[in-house]
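Quick notes on the structure that follows.
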Amino acid sequence: MKKWMISAGAVAIATALLAVSPASAKSGVKVGSLNCTVAGGVGLILGSSKSVKCRFTPIGGGKVERYTGSITKLGIDIGFTKKSYITWTVFAGGKTKPGALAGSYGGASAEATIGVGLGANVLVGGFKKTIALQPLSIQGQKGLNVAAGIAGLKLSYAGS
């Protein structure tokens with residue numbers, strides 16, 4: 002069972018990485034980083050939804066912005082995980098205004114966890130779909146999980 006989960010996870014990560022074009026990561030100017038805490042939970046074979054609390058830190062100073070929301074996966078998602086942490090580099094057409102990251106994001110996702118795992122997420126959205134979250138993120142999660150499918154992230158601005 003463990004060998005199957007490791008193999009499935011490796012295939013899912015490779016598929017997501019191949020789906021990312023180099024241009025998507027550099028479609029704008031790096032404006033900061035988005036650090037999120039993802040609640041733990043159980044994957045229900047066809048998908049999962051977990052709450053997130055995020056902090057956007059702009060480059061060059063500025064007020065840290067808080068966001069709340071949820072991350073969803075549709076597709077294969079089997080297993081359980083404890084709380085995890087995801088960091089994205091944020092790209093936009095230029096300097097962002099407070100709350101600009103609020104909105105819906107979508108893209109391909111792959112992740113595998115056996116004990117401590119790493120995952121990859123590709124998400125684009127936000128204000129008029131002008132925000133790109135860098136294709137790779139590190140998820141310091143613990144548990145036993147294999148997930149592949151479409152990831153969605155919904156963020157609501159919670160102030161600074």
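Position one of the sequence shown corresponds to residue 2 (this note's numbering), numbered consecutively onward.
We treat Cβ as the ideally placed atom computed from N, Cα and C, and that holds for glycine.
In chain order, what residues of the same chain lie with their CB nearer than 6 Å to the CB of residue i, ignoring the 5 residues before and after it?
i, result
"W89", "L35, L134, Q135 and S138"
"G153", "T73 and G107"
"L124", "Y106, G108, L134 and L154"
Using 8 Å for Cβ pairs, my map puts residue i next to residue j. What's the rounded Cβ distance?
i, j, result
"K31", "F128", "Actually they do not touch by this definition, with Cβ atoms about 17 Å apart."
Which same chain residues, not among the five before or five after residue i, have their C-beta less than 8 Å away from its C-beta?
i, result
"T69", "S52, V53, K54, C55, L156, S157 and A159"
"S161", "K64, V65, E66, R67 and P99"
"K84", "T38, V39, A40, G41 and Q142"
Taking only the alpha-carbon atoms, compute the straight-line gap between residue i and residue j and give it to the nearest angstrom.
i, j, result
"Y86", "A40", "9 Å"
"T97", "S49", "30 Å"
"L102", "V65", "12 Å"
"F169", "T38", "The question about residue 169 has no answer, for the chain in this structure spans 2 to 161."
"I132", "S71", "17 Å"
Suppose contacts are defined by Cβ-Cβ distances below 7 Å. Is residue i in contact with residue j by that definition?
i, j, result
"G29", "G104", "no"
"I60", "G100", "no"
Under the rule that 16 or more other beta-carbon atoms within 10 Å means buried, what is residue i, buried or exposed?
i, result
"G62", "exposed"
"G126", "buried"
Excluding the 5 residues preceding and the 5 following residue i in the sequence, name in chain order all residues of the same chain whose CB lies nearer than 7 Å to its CB.
i, result
"K130", "none"
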